[in-house]
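Read the structure below first, then the notes.
Residue numbers (our numbering): 3 to 564.
Below is the structure:
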């Protein structure tokens, strides 16, 4: 991750899609960062402002050039080159030259005075620095390095000139932690360089080598090349910031600038007195294949994102955890929906619901994910991208100085839901008193609603198979006994029909046969009814059932529930 800061060191963005990132350091010389990233809205656009600062691994850089590449497939990439923030001291110009006698710290502080850099040194000696003609603060620091034999450490706005910045001594031995050692001899000018190919293993020395820093000492041992205890200092190093390891080392000092983007960390070894580079030998170590990782799949085949906003999409196969349709009805950027309602599907787990929501025309509420995460706009007010894109990243992650009121302004608001009615739902539920999981469907919203609005009386609902069913609702479910059809009427009475192995049961009475005649009908060859004026007559006792009471009375007559 690379952070983008403004000139006041306030974070204004984060670059997440980094594909390559290499830090290049040369003792008392270069300190650069090269990285490749995919273009991101409102993020890589920050690279257009040359006053912005790049932060990587707790150090600061300024971009000095970049290439934008648009290739087949629609992706735009940025290939950026940045210099350590310490390069800014070049801007401190001395038109009439520089001359001063004093301690190293006094001279360094005078060279950097008036800038935001702090110069320190642990070298106690005094020197005279004299540079004729137009010069700059960086040239003064370079002259101090030559006079003292010291080594510069660049840390944000701190410049430290130390007797030595190296802390570690690392042994490299042929056949133990390296596979080859190459020695290059050159007579004009007179010098010798070494290149070592490391073995990618887990022994302690290889682990230490991968922690090598600029200024450390490498001791090379190879009996056949007569390099017993040849000691060389790391005077140049390229670090792959995505891998953070070292793979190859070579001796010699770099003074001229030669910016490259290597694929792994490279260490150059040499003596500080050497002033000319003859080669930088690089070795690419191929890691062992991890059987638990598909190498390159994430980078090449998988697209991941916390939030994706897509206008049109054709999907061959789709797997989701939670789905709702018709967001437009909630969206305050869209016209108020006809009738003030939102009709939509909600699908999760094994639940499938058809829902109607009544929406307020004036009130709004926070828009959150199903798991309760707040959703924010990526830009607000008069910004070009204002109120276009969603994010679940808290605004303070990008700008810690935002007040609560400023954070609230980023929250996405949608039309307030006044009431919600589930008109049809299907699910699999546990049958009361058993471990059986049965398919269940509920029809109608009834007198209650899922937002918890009060019902008029407890008699408005009944418990069927563990579910609360309100007046005006129907329920169908399948059990071991058969298919159950239930309905709660306007008076709160439950009627049930069960189609099972033994026939049809109506409110508890099994009906195996219904016979129809010219003047009436019969149940199970036990009860017969004849149509008469104003109702029907039960032949067993010649009683007449009035028309308005036929349903309940017939069921009572055949053994049903009264």
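Even glycine gets a Cβ: it sits at the ideal position worked out from N, Cα and C.
Tell me whether residue i sits in a helix, a strand or coil according to DSSP, three-state version.
i: residue 441; result: strand
i: residue 408; result: helix
i: residue 333; result: strand
i: residue 575; result: Because the chain is modelled from 3 through 564, residue 575 falls outside the range shown and cannot be assessed.
i: residue 387; result: coil
i: residue 18; result: coil
i: residue 3; result: coil
i: residue 107; result: helix
i: residue 49; result: helix
i: residue 13; result: strand
i: residue 175; result: strand
i: residue 92; result: helix
i: residue 523; result: strand
i: residue 341; result: helix
i: residue 276; result: Caution applies to residue 276, whose pLDDT of 32 falls short of 50 and renders its modelled position unreliable; the value that the coordinates give is listed next. Reduced to three states, the DSSP call for residue 276 is coil.
i: residue 97; result: coil
i: residue 584; result: This structure does not reach residue 584, given that the chain is present from 3 up to 564, and the question cannot be answered.
i: residue 431; result: strand
i: residue 326; result: strand
i: residue 398; result: helix
i: residue 285; result: With a pLDDT of only 32 at residue 285, under the threshold of 50, the placement of this residue in the model should not be trusted; the figure read from the coordinates follows. Residue state, collapsed to three classes: coil.
i: residue 349; result: strand
i: residue 517; result: strand
i: residue 227; result: coil
i: residue 164; result: strand
i: residue 317; result: coil
Following the continuous alpha helix (DSSP H) through residue i, name the residue where it begins and the one where it ends.
i: residue 140; result: 139 to 150
Relative to the C-alpha of residue i, which candidate in the options has its C-alpha closest?
i: residue 71; options: 83, 90, 41; result: 41
i: residue 472; options: 489, 317, 481; result: 489
i: residue 428; options: 434, 439, 419, 420; result: 439
i: residue 220; options: 174, 244, 230, 325; result: 174
i: residue 236; options: 85, 365, 222; result: 222
i: residue 243; options: 16, 4, 496; result: 4
i: residue 310; options: 8, 445, 395, 109; result: 395
i: residue 97; options: 126, 128, 111, 139; result: 139
i: residue 107; options: 128, 101, 447; result: 128
i: residue 81; options: 68, 89, 364, 90; result: 68
i: residue 156; options: 413, 520, 33; result: 33
i: residue 339; options: 324, 319, 364, 321; result: 364
i: residue 109; options: 89, 63, 161; result: 161
i: residue 50; options: 61, 65, 86; result: 65
i: residue 436; options: 481, 412, 445, 409; result: 481
i: residue 347; options: 495, 426, 187; result: 426
i: residue 52; options: 83, 60, 30, 76; result: 83
Need the endpoints of the beta strand (DSSP E) that residue i sits in, please.
i: residue 240; result: 232 to 242
i: residue 486; result: 484 to 490
i: residue 359; result: 353 to 368
i: residue 82; result: 78 to 86
i: residue 505; result: 505 to 508
i: residue 122; result: 120 to 123
i: residue 188; result: 180 to 188
i: residue 62; result: 61 to 72
i: residue 308; result: Looking at the DSSP string, residue 308 is not in any beta strand (DSSP E), and its letter there is neither H nor E.
i: residue 414; result: Run containing residue 414: none; DSSP gives neither H nor E here.
i: residue 154; result: 153 to 157
i: residue 57; result: 55 to 58
i: residue 223; result: 219 to 223
i: residue 540; result: 537 to 540
i: residue 130; result: 128 to 133
i: residue 34; result: 33 to 40
i: residue 476; result: 476 to 480
Below 8 Å on the Cβ atoms is my contact criterion, and I expect residue i with residue j to pass it. Report the Cβ-Cβ distance as a whole number of Å.
i: residue 58; j: residue 38; result: 13 Å between Cβ atoms; not a contact.
i: residue 146; j: residue 163; result: 6 Å
i: residue 317; j: residue 423; result: In fact, because the Cβ distance is near 30 Å, the residues do not count as touching under 8 Å.
i: residue 345; j: residue 328; result: 7 Å
i: residue 499; j: residue 516; result: About 13 Å; that fails the 8 Å criterion.
i: residue 485; j: residue 501; result: 5 Å
i: residue 360; j: residue 343; result: 6 Å
i: residue 16; j: residue 54; result: Going by Cβ atoms, the distance from residue 16 to residue 54 rounds to 13 Å, so no, they are not a contact pair.
i: residue 79; j: residue 241; result: Between residue 241 and residue 79 the Cβ distance is about 21 Å, and since that is not below 8 Å, they are no contact.
Please confirm whether any heavy atom of the ligand ZN lies closer than 7 Å to the CB of residue i.
i: residue 478; result: No copy of the ligand ZN occurs in the structure displayed, which carries no ligand at all.
>> Contact between the segment 370 to 387 and the segment 30 to 44 is defined here as three or more beta-carbon pairs at a separation below 8 Å; is this criterion met?
In response: Here the segment 370 to 387 makes contact with the segment 30 to 44; the two share three or more CB pairs at distances below 8 Å.
> Does the segment 13 to 22 come within contact of the segment 222 to 240, defined as at least 3 CB pairs closer than 8 Å?
Replying inline: With the cut-off at 8 Å, the segment 13 to 22 and the segment 222 to 240 do not touch.
> Is the segment 322 to 336 in contact with the segment 413 to 422, if contact means three or more CB pairs nearer than 8 Å?
Replying inline: Counting C-beta pairs closer than 8 Å gives three or more between the segment 322 to 336 and the segment 413 to 422, which meets the contact rule.
>> Three Cβ pairs or more, each shorter than 8 Å: is that satisfied between the segment 392 to 404 and the segment 345 to 356?
In response: Taking a cut-off of 8 Å for Cβ pairs, the segment 392 to 404 and the segment 345 to 356 do not touch, as fewer than three such pairs fall below it.
> Counting pairs of beta carbons, one from the segment 121 to 139 and one from the segment 170 to 188, are three or more of them closer than 8 Å?
Replying inline: With a cut-off of 8 Å, the segment 170 to 188 and the segment 121 to 139 do not count as touching, because too few Cβ pairs lie within range.
> Below 8 Å, can you find three or more Cβ-Cβ pairs linking the segment 112 to 122 to the segment 82 to 100?
Replying inline: Yes, they touch.
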